[in-house]
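What follows is a short report on a single structure.
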Amino acid sequence: MARAENTELIDSFEELYRDYYRNEIGELAQKYPTEQKSLYLDWQDIYRFDPDLADDVQNHPEELRDYAEEALRLYDLPVDVKLGQAHVRVRNLPETTDIREIRADHRGQLISVQGIVRKATDVKPKITQAAFECQRCGTLTRIPQQSGDFQEPHECQGCERQGPFRVNFDQSEFIDAQKIRVQESPEGLRGGETPQNIDVNIEDDITGNVTAGDHVRVDGVLKLDQQGSDQDQSPMFDVYMDGFSVEIEDEQFEEMDITEEDKTEIIELSSEDGIYEKMVGAIAPSIYGYDREKLSMILQLFSGVTKHLPDESRIRGDLHMLLIGDPGTGKSQMLSYIQNIAPRSVYTSGKGSSSAGLTAAAVRDDFGDGQQWTLEAGALVLADQGIAAVDELDKMAADDRSAMHQALEQQEISVSKAGINATLKSRCSLLGAANPKYGRFDQYEPISEQIDLEPALISRFDLIFTVTDQPNEAEDRNLADHILRTNYAGELHTHRVESGTSNFSDEEVENVTDDVAPTIEPELLRKYIAHAKRSCYPTMTEEARQEIEDFYVDLRTQGADEEAAVPVTARKLEAIVRLAEASARVRLSDKVTSEDASRVIDIVRSCMEDVGVDPETGELDADMIEAGTTKSQRDRIKNLKTLIQELEDEYDDGAPVDVVVERAEEVGMDQSKAEHEIEQLKQKGEVYEPRTDHLRTT
Ligand code: ADP
Ligand code: MG
């Protein structure tokens, strides 16, 4: 340190306080110690006061903190209190360090990192000074405790014998302690890098204020921790931070820089005629077709408006969509492309690699000192205010399934386990992909029965697309042509880059690559979306409202007579509103017009026709999706039960299964359906088997 004299440093801080922090210290004195325990210093103030002092604070933060705290204790207070245990916390460093850029050189320095809290332990008391009471003479021996192992006295300070000792808690000193893991924010990552993280220990008044999923800025000292055990120490070290201050940042897309030039370009683009087609061309250009799906992905990226009603309830604006389809149809490719254009996104697989899975979990692990319960945020929390692309959604863990409903509709996740009670925000859109139950769609079964997700969950999706892979000569030729052209473009490009000399002219290469290049640069599109979501809150025009209402009422009237199925429920209506708002946002328009309404009604109708039509009647049936059974199926079940009731009177041991199936066939229900329905009845407990292959109703 430049200055050797410690008193000089203490004097400097006292002067700084007088010049800059008179009011803050007065306030602290009023509120200490119940409401406030810390004096926060802005690093920029210290720099303005004395650049050398600011440098020292950055390079020797812990020593300087001690001087700053000493200066605070010496400060002349306006009221008669002692700030004995008050902390001085420095924050607002001039720049933040990327978590992945932390190096050995940072050791011992004050640094500032930004990110999202991935894990947080409960706040637990930590002993800072243990009072050991000698069981022989009663003398107290006080031993200060550092992090790491618990230190016991070598001998009693009174009788000089080696104990035995008992820790006297009343005479010991404790402090609240918490450990958090801060992970790089999703928007800081490009092209699917694995996020890196750093653990931060915090103490006393700054504990308990943040939870998993919060976006934070942490200022603290970088520390090293030797790897390996006591017996087997390694030359490698882990890094962690002792946190001086933790601030929650709740700004959307904080890292997005949109310049005036960008804005001009965005506004020009938004008024182009073919903007919707252009947007579609900007998504996964290497994937052929799927214009409808890609348009919906665009709408999802822009999202509807989240509405707050006067009664304080909230209607989500985020759109959830699901792609279910045959293997090898480009679903994963489309999903992972989202990362290139979404301002904030998380891409993961339903199988999940972390213990928190898709939602959140209270886990007991080695994070923190010893085994301790920790709250860990999963993908839907990390994607808060963004989009979560989840591949293989059908493979998700059982725990996630139950938490998922709440996550999708209320957009928060409650965890209540082992004394941890927390509600995490998950205000994100879900883009899911799944395979059908048997790997590939069976065209003879209703699609709704081949989706391996429970109906309550499926009904939360605003749009469900099914992708079937059936040979079709014209389509196959187009697809083959597209894939070959994409690959050729890749070959030419790579050839030119790698071999230096090339027989192909620049023009040739550009012609081919232009064919498969995105119509809008991903960087620009990302800014476009962020700008629209920040500044555009469209409202419905009368014509749009009318058009949506007509669509809904027309469909509902089909279901008006008692025998017919319910074709659509009110849930779809909200989905259409959200989609229409998103459609207006694409143009940066304040008004949802009737064109927006027609555009999204077309999409919704075609989705419903894909999955919502009962193949037995050819009619739309909302229950296929929302309840998991069709009306014709429910009728069949009713009939089957009546049949079993009739037969069980004829046989002593209950109705034999083969006879039931035979009778069912006589009335036109095929064997596999009947067997399937019998299974269902058994599962629901409506029939049971008094003897093998005999049935009785309950
Ligand atoms: P899925 O996740 O549906 O099983 P993938 O996304 O893994 O399928 O796609 C498998 C491969 O097939 C990818 O390399 C992809 O590029 C290619 N592919 C499938 N469908 C298309 C398509 N419509 N256009 C271009 N490539 C496609
Ligand atoms: Mg896949």
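The numbering of the sequence shown is our numbering, which starts it at 1 and goes up by one.
Backbone N, C-alpha and C fix where the C-beta goes; we use that ideal spot for every residue, glycine too.
Could you tell me whether the Cβ atoms of I287 and M321 are closer together than 8 Å?
No. Outside cutoff.
So does Y240 have its beta carbon nearer than 7 Å to some heavy atom of the ligand ADP?
No.
Where do the ends of the alpha helix (DSSP H) carrying K673 lie?
Bounds of the alpha helix (DSSP H) holding K673 are 671-684.
Just to check, is the beta-carbon of L322 closer than 7 Å to a non-hydrogen atom of the ligand ADP?
The ligand ADP never approaches L322 closely enough for any of its heavy atoms to be under 7 Å from the residue's Cβ.
Quick test of your reading: A403 and T359, contact by CB under 8 Å. State the CB separation rounded to the nearest angstrom.
With 8 Å as the limit, A403 and T359 qualify as a contact, their Cβ atoms being about 4 Å apart.
Contact between the region 590-598 and the region 541-554 is defined here as three or more beta-carbon pairs at a separation below 8 Å; is this criterion met?
They touch, by the three-pair rule.
I need the straight-line Cα distance from A383 to N92, nearest angstrom please.
Between the alpha carbons of A383 and N92 lies a distance of about 26 Å.
Within the continuous beta strand (DSSP E) that includes T711, where are the two ends?
The chain is shown from 1 up to 698; residue 711 falls before or after that span and cannot be answered.
Give me, in chain order, the residues of the same chain whose beta-carbon lies closer than 7 Å to that of D705; leave out the 5 immediate sequence neighbours on both sides.
An answer regarding residue 705 cannot be provided, because it is not within the stretch 1 to 698 covered by the chain.
Starting from the N-terminal end, write out each residue whose C-beta falls within a distance shorter than 7 Å of any non-hydrogen atom of the ligand MG.
The set, ordered by position in the chain, is P327, K331, S332, D391, E392, A433.
Residue nearest to R696 in terms of C-alpha spacing, selected from V657, D442, V667:
The closest CA to that of R696, considering only V657, D442, V667, is found on V657.
Thinking R578 and S270 are a contact (beta carbons under 8 Å), I'd like their distance in whole angstroms, please.
Between S270 and R578 the Cβ distance is about 20 Å, and since that is not below 8 Å, they are no contact.
Judging by CA-CA distance, which residue of Y651, V246, Q233 is the nearest neighbour of N209?
Distance check between N209 and each of Y651, V246, Q233 places V246 closest, using alpha-carbon atoms only.
What three-state label does DSSP hand E392 in the structure shown?
Correct three-state label for E392: coil.
DSSP three-state assignment for D242, whether helix, strand or coil
Three-state result, D242: strand.
Is it the case that the CB of S38 approaches a heavy atom of the ligand ADP more closely than 7 Å?
No, the Cβ of S38 stays beyond 7 Å of every heavy atom of the ligand ADP.
Between G659 and L681, what straight-line distance do the alpha-carbon atoms span, to the nearest angstrom?
Checking the sequence shown, residue 659 turns out to be Val, not Gly. Between V659 and L681, the C-alpha separation is close to 16 Å.
Integer-rounded CB distance, given that Q178 should sit under 8 Å from A120
The pair is a contact, with the Cβ atoms about 7 Å apart (cut-off 8 Å).
Look up I324 in the DSSP assignment and give the residues it is bridged to.
DSSP lists A434, T466 as partners of I324.
Quick check on DSSP: helix, strand or coil for F367?
F367 falls in the coil class under three-state DSSP.
Beta-carbon proximity check, T468 vs D326, cutoff 8 Å
A distance below 8 Å separates the beta carbons of T468 and D326.
When every heavy atom of the ligand ADP is checked, does at least one fall within less than 7 Å of the C-beta of H531?
No - the ligand ADP has no heavy atom lying nearer than 7 Å to the Cβ of H531.
Assess contact between the region 121-131 and the region 234-241, defined as three or more Cβ pairs (one per stretch) separated by less than 8 Å. Is contact present?
Below 8 Å, too few C-beta pairs join the region 121-131 and the region 234-241 to call them touching: fewer than three.
Between the beta-carbon of G115 and the beta-carbon of V381, is there less than 8 Å?
No, the Cβ-Cβ distance between G115 and V381 is not below 8 Å.
Looking at L39 and L72, is the spacing between their C-beta atoms short of 8 Å?
With respect to the 8 Å criterion, L72 and L39 are classified as neighbours on the basis of their beta carbons.
Using three-state DSSP, classify V81 as helix, strand or coil.
Look at V81 here: in three-state DSSP terms it is coil, with no helix or strand label.
Backbone secondary structure at R18 - three-state DSSP:
R18: helix per DSSP, three-state reduction.
Burial state of M297, where buried means 16 or more other Cβ atoms lie within 10 Å:
Burial call: buried.
In its own chain, which residues sit with a C-beta less than 7 Å from the C-beta of Q645, not counting the 5 before and 5 after it?
Same-chain partners within the cutoff: T697.
Can a CB atom of chain B be found closer than 8 Å to the CB of V221?
Protein chains in the displayed structure number just one, and chain B is not present.
Mind checking whether the beta-carbon of L484 lies closer than 7 Å to any heavy atom of the ligand ADP?
No - the ligand ADP has no heavy atom lying nearer than 7 Å to the Cβ of L484.
Cβ neighbour criterion (16 or more within 10 Å) applied to G328:
G328 comes out exposed.
Option in Q300, A422, N340 with minimal Cα separation from D122
Nearest option by C-alpha distance: A422.
Consult DSSP for R161 and reduce its assignment to one of helix, strand or coil.
Coil, per DSSP.
Residue span of the alpha helix (DSSP H) that contains K351, given as start and end:
Careful: K351 lies outside any alpha helix (DSSP H) and carries neither H nor E.
Okay, do the region 478-488 and the region 276-296 touch, 3+ Cβ pairs below 8 Å being the bar?
Verdict: yes, contact present.
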